[in-house]
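Presented below is the structure to which this report refers.
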Amino acid sequence: MPAMKAIPVNSPYIANAPILVSATLAALGVWYFNAVDESPALFLGIIAGGLVDLDNRLTGRLRNVFFTLLHFSAASLLVQLTVQQPWLFAALMTTAAFTVTMAGALDVRYRTIAFGTLLVMMYTVLTYLPHIPWYINPLMIVCGTMLYSLCTLVLHLLLPHRPVQENMAQAWRKLGELMMVKAQFFDPDEADYLASKEVTLAMKNTAVINAFNQCRSALFYRLRSQHRHPRTMRMLQYYLAAQNLHERITSRHVEYRDFAHRLEHSDLIYRIQRLIVLQAQACANMAESLHNNRDFACDDTLKRAGAGLRNALALHLQQHPHSPNHHALSQLVDNILAISSQLQRLENVKLSDMENGDATRIAGQDLERPGEMWRALISHCTLESAVFRHAVRMALISAASCLLVAGLDLHFGYWILLTALIVCQPNYSATTTRLKQRILGTVLGVLVGALLPYFALSLPSQLAVMVISGTLFFAFRTRRYSFSTFFITVQALAGFSLIGLDAHTALYSRILDTVIGAGLAWVAVSYLWPDWHYLTLGKTGVRALQGDAGYLQQILAQLQQGHTDDVNYRVARRLAHERAAALSNTVSDMSIEPQKYGTKLQDGFTLLQLNYALISSISALGAMRSHMAAHRSELANSDFWPLFLAAGAQLVALMQHTDTREPEAFQAALQQTRTALAALQSHEHSQQPGQHLLWQQLQHISDKLPLYFDTLRHSLDQYDEADIAPANGSGSVAA
């Protein structure tokens, strides 16, 4: 079946088209009706609409727009009615800041719309003019949001599948980058320097998981429809294929250092490395094909390299018939060749392969029932929750800012509140980074904005400045925050100049208020429950280990019952990688401010390396499922099989309950597991295929657990149940 092509367009232009078109239409309306006083609120309404734009199918988009307009209308009206009563307004903003931040615990969609609503409240007070009717500002903000939403709906009708396709391209691009790093593990000259590469590999794996999450979200909302478009089904095929490739490339079949030293004078290891590099290039080509709407074609070089590796392996095994790593080497090469086979099959994706209903499912990721939402919120109402701490912090910032503005009667003072709310992030490192970028962008924007009055721009020219600066704000907001701040500052100053306010007074106020707001945010994250006092490394490490246990449990079940990539298996695999990504993010945040975390940072890197090694060994078992399925009946009749399942179950239990075990209890349970593995080893030299490989992976997992456990304990100031209580069932994970 030939690939279905979309309209060939450039993605950045697509992403910024709605803001450009809607801002241009707004400018034309302001110019035609001479609605100068109403223009700032109208443009800010467009920006607010863009900030809450969420990808979905058509009916989902309409529903999102309806609730967005409803929330924006109510919030803007409440501000308009209370802005002249400072104490009432302060209470309103304090309550809103807390509520909005807590809503982020539910889902990214709730968080996006809720934070957009908070921004609309700020936009309403910033554009407040006493001499215009009370309903004008709320109406203009809603009209701006509606105008942007209409533009996005038109774009969706023209290119309904483009967001999914772009997300898919990004996922394949990140997968290719991961493969490039993995190829370095087969370089004999670098065998003694793999420790830093393991951390890099774990970080790249986090980027892949984040990209997969974007694909999953886009596919989930489209697959909810009963009428599924063939392009959506094709994207689902590509997504599932990428997941399978990810499982194979993350699997560990050999100890890389020893393997590289043994084969440093053989061309076999170089052939393995070259094939992985070619596979990474194929993933990059797949990404470019999706990005440019071309059919994917697998390079024949990949096929020839695979044949060459197969022949080199046969020659190596012939020359070394008694090598102790015969099985592991064969499985490694088989796994890499399987990646090439899957890449080659992508040239001719058949939708008939998706006839199995379970294969077309993406596990749910919404909290839709009020009871579920309430329980999720209640579970975060504790200072142990980063969400709750940040919500209280945001509420206190709002109260302090409002009291400061009211007490000093600052004319443009609510820029302090806007800056503080935007700059303040859940952790210290992210806040300080954004703080610096915000101040830099504001100062540069003010310097440029100060020149605007000297040009005596006409109304059309001023409107053009607002359109261009607003569009560039969106173009840079996810890439260069300082640039986006620069352009939004220019737009704000152009708006003040447009309505006849003293531009020079606004310039100085903008800088001063930005510094004060940024300072409040810094004080809040530094002294109000700073994150280094609530370090989540221990709990994150435990959750990661529990995710690994669930993944291993699913693999053991499939090795026993049969191979299938059902939703339960994909959920378990995704959960393991999600929690590994959370651990990676924690370590990454700590590394920005190493002096605040001391030796815990080194513990973090150790946990990150160990956890990735555990996932790699478990993934190797997952990659062996199809191979073992052909010999399942033979294995089931051997003494090896019940011993293997029992040893695997003991490992799962040990990993699931590590958080509740004292050292003595852990060592006792570990010794029982090692005894089971020793009994298993006595059978691994039999003639049944694959037994050595199965035992070897369980042994690798067992070897890593003691150090993982010791590092967990060392990372905690006080080791008790409250510090690392199990975290089961919080949030939802989709395949």
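The opening residue of the sequence shown carries number 1 in the UniProt record's numbering; numbering runs sequentially from there. Beta carbons are placed, not taken as given, at the ideal position from N, Cα and C, and that holds for glycine.
#### Entry: 7 Å Cβ shell around H156 - same chain, five flanking residues per side excluded
L58 and R61
### Query
Can you give the Cα-Cα distance for S330 and Q342, rounded to whole angstroms?
18 Å
#### Entry: Whole beta strand (DSSP E) elements within the stretch 66-125, 3-residue minimum
none
### Message
Using C-beta distances below 7 Å, list every residue in its chain close to S617, excluding the 5 sequence neighbours before and after it, in chain order.
### Response
R252, Q697, H700 and I701
### Task
May I have the straight-line CA-CA distance separating F476 from G538, to the nearest angstrom?
36 Å
### Query
For the alpha helix (DSSP H) that N611 lies in, which residues bound it at each end?
K600 to A623
### Task
Indicate whether the contact test is met: 3 or more Cβ pairs, each with one atom in the stretch 608-625 and one in the stretch 549-565, closer than 8 Å.
yes
### Query
Considering only residues of the same chain and omitting the five flanking positions on each side of A647, which have a CB-CB separation below 7 Å?
T673, A676, L677, L680 and L698
### Query
Applying the criterion that 16 or more other CB atoms from any shown protein chain within 10 Å of the CB defines a buried residue, is I378 buried or exposed?
exposed
### Query
Alpha carbon to alpha carbon, how far is P230 from L315?
45 Å
### Message
Judging by CA-CA distance, which residue of V164, A183 and H265 is the nearest neighbour of F220?
### Response
V164
### Query
Can you tell me the Cα-Cα spacing of R543 and R375, whole angstroms?
20 Å
### Task
With a threshold of 16 other CB atoms inside 10 Å of the CB of G144, please say whether the residue is buried or exposed.
buried
#### Entry: Same chain, Cβ closer than 7 Å to A105, neighbours up to 5 away in sequence not counted
A376, L377, H380 and V387
### Message
I need the DSSP call for A582, collapsed to helix, strand or coil.
### Response
helix
### Query
According to DSSP, is I47 helix, strand or coil?
helix
### Message
Distance check for L70 and L51, CA to CA, integer angstroms please.
### Response
16 Å
### Task
In the DSSP assignment, find the alpha helix (DSSP H) that holds Q697 and state where it starts and stops.
Q691 to S715
### Message
Please state whether the Cβ-Cβ distance between S39 and V142 is less than 7 Å.
### Response
no
### Query
Counting contacts by CB-CB distance shorter than 7 Å, is D299 in contact with chain D?
Absent from the structure is chain D; it holds one protein chain and no more.
### Task
Can you give me the Cβ contacts of K204 inside the same chain, cut-off strictly under 7 Å, excluding the 5 residues immediately before and after it?
E177, L178 and V181
### Message
Measuring only the C-alpha atoms, how far is P642 from T564?
### Response
21 Å
### Query
Helix, strand or coil: how does DSSP classify F496 here?
helix
### Query
Are the CB atoms of G517 and T419 nearer to each other than 7 Å?
yes
### Query
Quick one, are the C-beta atoms of I397 and V446 less than 7 Å apart?
no
### Message
Less than 7 Å between the beta carbons of S482 and L440, yes or no?
### Response
yes
### Query
Is it true that the CB of I499 sits closer than 7 Å to the CB of V36?
yes
### Buried/exposed call for G407, threshold 16 Cβ in 10 Å
exposed
### Task
Please confirm if the stretch 246-266 is in contact with the stretch 185-193, defined as three or more CB-CB distances below 8 Å between the two stretches.
yes
### Distance between M394 and M93 (C-alpha atoms, nearest Å)
10 Å
### Message
With the cut-off set at 7 Å, would you say A48 and V120 are in Cβ contact?
### Response
yes
### Message
On the criterion of 16 or more Cβ atoms from any shown chain inside 10 Å, does R438 qualify as buried, or is it exposed?
### Response
buried
### Message
Considering Cα atoms alone, identify which of R173, R434, Q425 and S497 is closest to L457.
### Response
S497
#### Entry: Straight-line Cα distance separating L654 from L705
9 Å
### Query
Based on Cα-Cα distance, which residue from H161, I249, Q243 and P160 lies nearest to L201?
I249
### Query
For the alpha helix (DSSP H) that contains A400, what are its first and last residues?
A386 to L408
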